[in-house]
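The sequence shown begins at 1 in UniProt numbering and counts up one residue at a time. Where is the CB? At the ideal position from N, CA and C, for every residue including glycine. Only a predicted model underlies this, so the values are computations on that prediction, with no experimental measurement involved. To keep things clear, I will list the structure first and then write my remarks on it.
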Amino acid sequence: MLITIGGLGLSCSKDDNGTNVPEEAKQIVLKANSQSITVGEAVSFTALVDGKTLEGVKLYNADKEISNSYTFEKAGTFNVAAKKEGYKDSVSISIVVKEKQEAKYPPKLTLVTNPNSIYANELIELNVTDKDNNPLDGAILIFEGSETNLTSEGGMYQISIKYRGTYTLQARYDDMDSNEVVVTVVDKNPAVGNGEFLFNGKTYKSTSAATVLKGFYKDDDGNIVIGWQEELYSEDGFLAIVIYYTDAEATEDGNYKPVLPTVDNTKLAFGGVLDENDNLLG
1 MLITIGGLGL SCSKDDNGTN VPEEAKQIVL KANSQSITVG EAVSFTALVD
51 GKTLEGVKLY NADKEISNSY TFEKAGTFNV AAKKEGYKDS VSISIVVKEK
101 QEAKYPPKLT LVTNPNSIYA NELIELNVTD KDNNPLDGAI LIFEGSETNL
151 TSEGGMYQIS IKYRGTYTLQ ARYDDMDSNE VVVTVVDKNP AVGNGEFLFN
201 GKTYKSTSAA TVLKGFYKDD DGNIVIGWQE ELYSEDGFLA IVIYYTDAEA
251 TEDGNYKPVL PTVDNTKLAF GGVLDENDNL LG
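Encoded structure:
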């Protein structure tokens, strides 16, 4: 007996390996615990079908078979796909591998100048180094919490500060701030006294004293100067006064600021002694 069977057919397709896969075969879904890592880190892969883990899957990075937990040793972007006979290959997922970033450390700022010899208008030296004491170039100097336009050269700063006082300095490098260095600036030739004054052959012991800024004036040449008054009060009620001037320094906004007095920069205008009734004695 001859039996003829007709109308029976089976449709197939081929996956990337050239293997015949039925059209109705399910596609693998590939998942990774991370798609952005650094060199030397491992990625764990999971293959799913219908939301369930599929065992016996092979993973490929390009044509290289890799394990389910794979450590990437080079930087770059790598495409990984999952394959298993009888299933459609997964869509490739990209793993971005970045170079390791070295740990960052703040710069170190050191005062080179003797801290006991820091004078107004004289050079102050500091150096700035990395954690291994290598000099840093291009570190920005921070003065009293604000960036300046000064940067280190050969790991060194050379600066001068005009006015006496206590100031805080730092260095900023690669967006990191150094330790603080506090400097105290003094006048090289400060005015000195012994707390007494001599008038008409008699010595008067001073009980208190004051330095008073009297204001801005023009001198005979039309220059802006600062008027100062020193006041020494004696136990007897007498008052010795000395009036003098210092230069005024022009500022960028068109104003002036005082130059603090020292023994070297003053111009005497008047001196005298008043009694307890404010009578000028001489």
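Would you tell me roughly how many angstroms separate the C-alpha atoms of residue i and residue j, rounded to the nearest one?
i: residue 325; j: E230; result: Past the edges of the chain, shown from 1 to 282, lies residue 325, and the structure says nothing about it.
i: I142; j: Q170; result: 5 Å
i: residue 293; j: A120; result: Within the shown structure, residues of the chain are numbered from 1 to 282, placing residue 293 beyond reach of any answer.
i: V96; j: G154; result: 38 Å
i: D50; j: A25; result: 12 Å
i: G215; j: T129; result: 45 Å
i: A209; j: T110; result: 38 Å
i: V91; j: L48; result: 12 Å
i: V29; j: G145; result: 55 Å
i: T262; j: E180; result: 29 Å
Out of the options, which one is the CA nearest neighbour of residue i?
i: E276; options: S117, T266, Y233, M176; result: Y233
i: P107; options: Y157, A139, D264; result: A139
i: T46; options: G40, K58, A32; result: A32
i: Y245; options: Q35, N265, E24, S94; result: N265
i: L213; options: P258, T38, Y204, Y173; result: P258
i: Y256; options: A248, V263, A269; result: A248
i: P115; options: V29, E252, V183; result: V183
i: D220; options: T203, A269, G40, S92; result: A269
i: D278; options: A250, K267, G237, S34; result: G237
i: N79; options: Y87, S69, D63; result: D63
i: T148; options: Y173, Y70, Y163, Y217; result: Y173
i: residue 283; options: L54, T38, I224; result: In this structure the chain extends from 1 to 282, so residue 283 is not present and cannot be described.
i: V273; options: K98, M156, K218, F199; result: F199
By Cβ distance, which residues of its chain are closer than 6 Å to residue i, with the 5 residues on each side in sequence left out?
i: E125; result: V112, T113, Q158
i: I161; result: V185
i: T71; result: A42
i: S94; result: T77, N79
With DSSP as the reference, please indicate the residues paired to residue i in a beta bridge.
i: Y60; result: E65, A81
i: Q27; result: K88
i: G271; result: V242
i: I95; result: F78
i: V212; result: Q229
Excluding the five sequence neighbours on either side, which residues of its own chain have a C-beta within less than 8 Å of the C-beta of residue i, listed in chain order?
i: K205; result: G195, E196, S234, E235
i: G271; result: A240, I241, V242, I243
i: N133; result: K108
For residue i, collect the residues of the same chain with a Cβ closer than 7 Å to its Cβ; drop the 5 residues on either side in sequence, then sort them by chain order.
i: K267; result: Y244, Y245
Every unbroken beta strand (DSSP E) within the segment 156-209, with a cutoff of 3 residues, ordered by chain: Runs of the beta strand (DSSP E) inside the segment 156-209: 156-159, 165-173, 181-185, 196-199.
3-residue-minimum beta strand (DSSP E) runs that sit fully inside the segment 104-133, ordered along the chain: Runs of beta strand (DSSP E) with 3 or more residues, each lying fully within the segment 104-133, are found at 108-111, 124-129, listed in chain order.
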